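Undergrad:
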Amino acid sequence: MTKLRKISQVLGILVFILLFAKLNIPHIFIFFFVLTLLFGRVFCGWLCPIGALEEIIGKKTYARRGLPLRAGCNIGCPFIWVSAWLNRVSLFKIEINKEKCTKCGICDKICPTSLPWQKASWKEGDNPSNRYGCIRCGTCIANCPEQALSYTLRWKKGKR
Numbered sequence: 142m143t144k145l146r147k148i149s150q151v152l153g154i155l156v157f158i159l160l161f162a163k164l165n166i167p168h169i170f171i172f173f174f175v176l177t178l179l180f181g182r183v184f185c186g187w188l189c190p191i192g193a194l195e196e197i198i199g200k201k202t203y204a205r206r207g208l209p210l211r212a213g214c215n216i217g218c219p220f221i222w223v224s225a226w227l228n229r230v231s232l233f234k235i236e237i238n239k240e241k242c243t244k245c246g247i248c249d250k251i252c253p254t255s256l257p258w259q260k261a262s263w264k265e266g267d268n269p270s271n272r273y274g275c276i277r278c279g280t281c282i283a284n285c286p287e288q289a290l291s292y293t294l295r296w297k298k299g300k301r
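No gaps in the numbering here: position 41 of the sequence shown is 182 in my numbering, and each next residue is one more.
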């Protein structure tokens, strides 16, 4: 999943350039809004050119300071202010299987947006992807040793 995400981030830079070259600002925001309503903040985790650069730079600078790779996204990006709220109602979500989860905390440790002062929701068996900063990058899904996390439809048949 990591290689696929890196490829999509490079493509995201190209898409971003093309969108700004061909579309006006309202069309771009409509595109982001619809994308976020469907999939959550996947733009931030998979296509955002600024986030991709921040991850590259962050490996050398943020890591030394104990900050996550995407610290700037949580604090300074205006798109996150709207998209983070839409994350809670998007068509798809990251779901935690509480029966499989051993509450090891790996999902929190490897999350590129997990800030040190955030509540460690996995300790209570809560889904860390419900956090404001989750960018739906899938790093937690790929690294869960118990395979307790999955990307699923928010409203499945038989669930409320």
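Note that CB positions come from ideal geometry on N, CA and C, so glycine has one too.
This structure is a prediction, so every number in the text was calculated from the model and none was measured.
Under a three-way DSSP split, which group does Leu290 fall into?
TA: strand
Undergrad: Counting along the chain, where does the alpha helix (DSSP H) carrying Phe174 start and finish?
TA: Ile166 to Phe180
Undergrad: Tell me which residue opens and which closes the alpha helix (DSSP H) that Ile282 is part of.
TA: Counting along the chain, the alpha helix (DSSP H) containing Ile282 begins and ends at Thr280 to Asn284.
Undergrad: Are the beta-carbon atoms of Lys379 and Ala289 separated by less than 9 Å?
TA: Examination of residue 379 is not possible in this model, given that the chain is present from 142 through 301 alone.
Undergrad: From the DSSP secondary-structure annotation, give me the bridge partner or partners of Ile237.
TA: For Ile237, which the question treats as bridged, DSSP gives the partners Leu290.
Undergrad: By Cβ distance below 6 Å, which residues in the same chain neighbour Ser291 in space, the five residues on each side in sequence not counted?
TA: Glu236
Undergrad: If you compare alpha carbons, which of Phe170, Trp187 and Gly181 is closest to Lys144?
TA: Selection Phe170, Trp187 and Gly181 evaluated against Lys144 yields Trp187 as nearest (Cα-Cα).
Undergrad: Alpha helix (DSSP H) containing Trp226: first to last residue?
TA: Unbroken alpha helix (DSSP H) run through Trp226: Pro219 to Leu227.
Undergrad: Would you kindly work out how many angstroms separate the C-alpha atoms of Cys245 and Lys234, rounded to a whole number?
TA: 21 Å
Undergrad: Who are the Cβ neighbours of Val156 in its own chain at under 7 Å, not counting the five residues just before and after it?
TA: Leu188
Undergrad: What first and last residue would you give for the alpha helix (DSSP H) that runs through Lys250?
TA: Note, Lys250: alpha helix (DSSP H), Ile247 to Ile251.
Undergrad: Grab the span of the alpha helix (DSSP H) containing Leu194 for me, first residue to last.
TA: Pro190 to Gly199
Undergrad: Taking one C-beta from the segment 173-180 and one from the segment 220-229 each time, how about it: are there three or more such pairs within less than 8 Å?
TA: A contact exists between the segment 173-180 and the segment 220-229.
Undergrad: Quick one: what does DSSP say Ser149 is sitting in, helix, strand or coil?
TA: helix
Undergrad: Looking only at its own chain, which residues have a Cβ that is under 8 Å from the Cβ of Asn284, when we skip the five neighbours before and after it?
TA: Ile247, Cys248 and Ile251
Undergrad: Buried or exposed for Ile158, going by 16 or more other Cβ atoms inside 10 Å?
TA: exposed
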